[in-house]
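Okay, so here's the structure we're looking at.
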Amino acid sequence: MAGTVDMTASSQGSQNLIADVLVIGGGPAGCWAALSAREAGATVILAEKGYVGTAGATAAGNSSIIDAAPGAAREKAIAQREARGLGLVRADVVDRVLEETYIQLNRLADWGYRFPTIEDGTPWRGSMRGVDYLRFLRQRLIKNGVTILDQSPALELLTSDGIVSGARGVRRVDGEGWQVKAGAVVIASGGCAFLSGALGTRNLTGDGYLMAAEAGASFSGMDFTGQYGIAPLHCSVTKGIVYYWATFTDEAGTIIGGKGDRQDAVAAGLKNGRVFAVLDKASPRVQSGMRGQPNVFMPFDRQGIDPFTQRFEVGLLYEGTVRGNGGLIVGDDTATEIPGLFAAGDAASREAMAGASSGGGGPNSSWAVATGRWSGINAANFAVKIGALQAKRLSRGAGGADLRAVGSTQADASEVVSAIQAETLPLDRGFWRTADRLNASAAALDAVWRDALDLQHRIDPIKAREILAMAATARWINASARQRKETRGIQRRVDIPGTDPEQSGSILSGGLTAIWAGSARAKR
């Protein structure tokens with residue numbers, strides 16, 4: 001199986017490639033998947049919508065990660081995950097994730113990755129500086145012989161007799177197409193934030209979800225997507241950890257508090273007007289530590305604001321499935337329901353790791369490492385079964401005739417995006433949910449879906465697929481939220497404020513033209 005990637009060019013200039021494993025997405029999960037598949041002996045191609053090393057939410061800032069050695073530290077971390085998961089976290093999965101993360105952090109150190117240090121010079125492995133982390137992984141990929149396709153968004157999967165057999169896409173630099181035939185594919189393209197403006201989420205539009213759904217895959221946890229990040233007004237930085245040390249007030253200076261997370265306090269305040277924050281609870285030592293994340297302070301420095309002593313106005317930016325938990329259903333081996341298709345990182349449902357609460361930060365970062373590792377190894381093993389047949393298989397695009405049918409509307413792309421955002425971003429749609437509003441959104445999103453289908457024939461294919469992916473993701477979220485008739489974690493049903501013990505299972509969803517959602521019990 002080991003060897004070099006087969007690369008040829010068609011007479012039209014399209015690039016045709018053959019490899020054992022194709023990884024779609026170049027964030028931490030994708031990098032770990034590609035590296036692990038290569039270490040398992042596979043030939044590997046990594047296709048990234050942007051540039052591997054700077055693309056995605058992690059690259060835009062620091063990210064915490066759970067570094068828990070076996071023993072008391074591990075047991076404490078598992079207990080914390082279970083407590084926050086509100087009945088959906090699986091302790092065995094958390095344990096496996098943290099063990100894999102611990103092993104790979106050790107390997108990073110052995111490879112020469114420079115972790116930050118604390119006062120006594122001891123390496124601190126609980127935080128990753130995103131740009132350094134991803135640049136290091138990129139160099140490791142190149143050294144190990146992974147073929148990287150930068151600026152090469154995938155547009156659709158290829159299938160052969162019901163088995164995923166690669167993907168095709170387009171190169172941004174010249175507009176030419178590319179196609180990879182592969183024995184297995186890993187979707188590691190991240191989540192969907194609906195172009196909300198949150199830092200690092202511009203390319204996170206749910207593209208991998210759409211491609212997988214076209215091949216027949218389905219989802220879990222899309223109800224747990226009511227996740228918003230606190231940000232200074234007119235700013236994209238949603239680094240929530242600094243607000244542990246914040247006091248929130250209304251315009252008159254009255255302190256805003258209440259039950260729930262910090263986001264709940266801000267959301268409650270925004271119902272009545274403007275909300276302000278000051279990081280006045282941070283000690284000098286904490287303040288110094290915060291300065292290790294310069295992007296957090298850039299907006300303040302530009303405006304001459306000292307956030308530790310002066311109030312600044314804040315708002316909430318929707319983070320959807322980037323810091324929420326919904327994603328593709330995967331087994332413990334990270335395989336989806338579709339043979340040959342695996343998923344890792346934010347593309348996969350994280351309910352087993354984070355439950356009904358946000359997995360933002362440490363849980364998601366650890367999940368990306370572990371599932372990236374497992375998906376790469378398991379995809380390589382699956383490709384062994386295909387062997388030499390992969391180059392000869394007859395493959396077709398998984399989009400199907402339904403997604404190529406000409407629509408009856410002539411909607412403008414910006415109008416369609418705005419219509420999707422109108423049903424996802426506002427607090428009374430994504431943060432607080434009611435049956436009436438969800439039902440109204442469902443009807444609106446069905447119409448938006450038809451408009452998005454029509455756009456595929458009239459605008460740039462990359463943008464068209466992004467819009468279609470956002471429309472599909474919004475419909476899965478809506479259907480799942482309607483199905484979960486209770487309040488649990490970041491699924492806040494204002495009309496049903498209580499938690500129902502009988503609804504502690506997962507909500508599954510899927511479909512394209514016709515959306516479906518139901519409980520895991522019902523699907524069994």
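Counting from 1, one number per residue, gives the positions in the sequence shown under the numbering used here. Every residue gets a Cβ at the ideal spot worked out from N, C-alpha and C, and that includes glycine.
Beta-carbon proximity check, residue i vs residue j, cutoff 9 Å
i                 : j              : result
threonine 58      : glycine 27     : yes
alanine 411       : aspartate 446  : no
isoleucine 467    : proline 153    : no
asparagine 295    : valine 237     : yes
valine 185        : alanine 34     : no
serine 519        : leucine 508    : yes
threonine 318     : glutamine 227  : The question names threonine, yet the displayed sequence has tyrosine at residue 318. In contact: tyrosine 318 and glutamine 227 (Cβ atoms closer than 9 Å).
asparagine 62     : glycine 292    : yes
alanine 246       : aspartate 301  : no
lysine 239        : leucine 204    : no
glycine 355       : arginine 84    : yes
valine 23         : glycine 376    : yes
threonine 473     : tyrosine 243   : no
valine 278        : valine 266     : no
leucine 155       : leucine 46     : no
isoleucine 187    : threonine 43   : no
serine 366        : isoleucine 163 : no
serine 504        : glycine 183    : no
leucine 137       : alanine 215    : no
alanine 442       : arginine 493   : no
phenylalanine 219 : serine 480     : yes
Selected residue, minimal CA-CA separation from residue i, among the options
i                 : options                        : result
glutamate 39      : Arg433, Ala471, Val242, Gly372 : Gly372
isoleucine 256    : Gly87, Val242, Gly273          : Gly273
leucine 157       : Glu75, Ile338, Ser414          : Ile338
serine 165        : Arg171, Gln151, Val180, Asp174 : Val180
glycine 197       : Leu316, Phe115, Ala474         : Leu316
glycine 327       : Leu279, Ala444, Leu233, Ala347 : Ala347
isoleucine 477    : Cys192, Ala182, Thr54          : Cys192
valine 322        : Ser357, Arg437, Pro307, Ala267 : Ser357
threonine 249     : Ala213, Glu313, Met211         : Glu313
serine 160        : Asp332, Ala73, Gly399          : Gly399
leucine 425       : Asp132, Leu195, Arg125         : Leu195
phenylalanine 382 : Arg433, Thr334, Val94, Ile241  : Thr334
aspartate 451     : Gln491, Gly162, Leu155, Ile420 : Ile420
lysine 485        : Asn364, Lys143, Asn439         : Asn439
alanine 69        : Arg96, Trp449, Leu86           : Arg96
glycine 53        : Leu134, Gln80, Gly112          : Leu134
methionine 211    : Arg168, Thr225, Leu427, Ala182 : Arg168
glutamine 15      : Gly175, Ala444, Lys76          : Gly175
serine 414        : Ala435, Arg396, Ile459, Arg433 : Ile459
Paired residues, beta bridge with residue i - DSSP
i                 : result
arginine 129      : Asn62
leucine 279       : Beta-bridge pairing links leucine 279 to no other residue.
leucine 46        : Val23, Ile148
proline 123       : Thr117
tyrosine 318      : Tyr228
valine 180        : Leu17, Ala167
phenylalanine 248 : Ala277
Neighbour-count burial assignment, residue i, 16 or more Cβ in a 10 Å radius
i              : result
serine 506     : buried
asparagine 325 : buried
valine 89      : buried
glycine 430    : buried
aspartate 67   : buried
threonine 201  : buried
tryptophan 374 : buried
methionine 290 : buried
methionine 470 : buried
tryptophan 516 : exposed
proline 232    : buried
tyrosine 102   : buried
aspartate 207  : buried
serine 288     : exposed
alanine 213    : buried
glutamate 48   : buried
glutamate 351  : buried
alanine 19     : buried
methionine 298 : exposed
tryptophan 124 : exposed
valine 369     : buried
proline 501    : exposed
valine 406     : Low per-residue confidence applies at valine 406: pLDDT is 46, beneath 50, and the placement is therefore not dependable, though the value from the model is reported in the following sentence. Burial call: exposed.
asparagine 364 : buried
CB contact check: residue i to chain E, cutoff 9 Å
i          : result
valine 322 : No chain E is part of this structure, which consists of one protein chain only.
### Query
What residue ranges within the region 446 to 490 form continuous alpha helix (DSSP H) runs of no fewer than 4 residues, ordered along the chain?
461 to 483
### Task
Any chance you could list the beta strand (DSSP E) runs of at least 3 consecutive residues sitting entirely within the region 192 to 244, in chain order?
228 to 232
### Query
Considering only residues of the region 320 to 404, which uninterrupted alpha helix (DSSP H) runs meet the minimum length of 4 residues and lie entirely inside it, listed in chain order?
320 to 323, 351 to 354, 362 to 386
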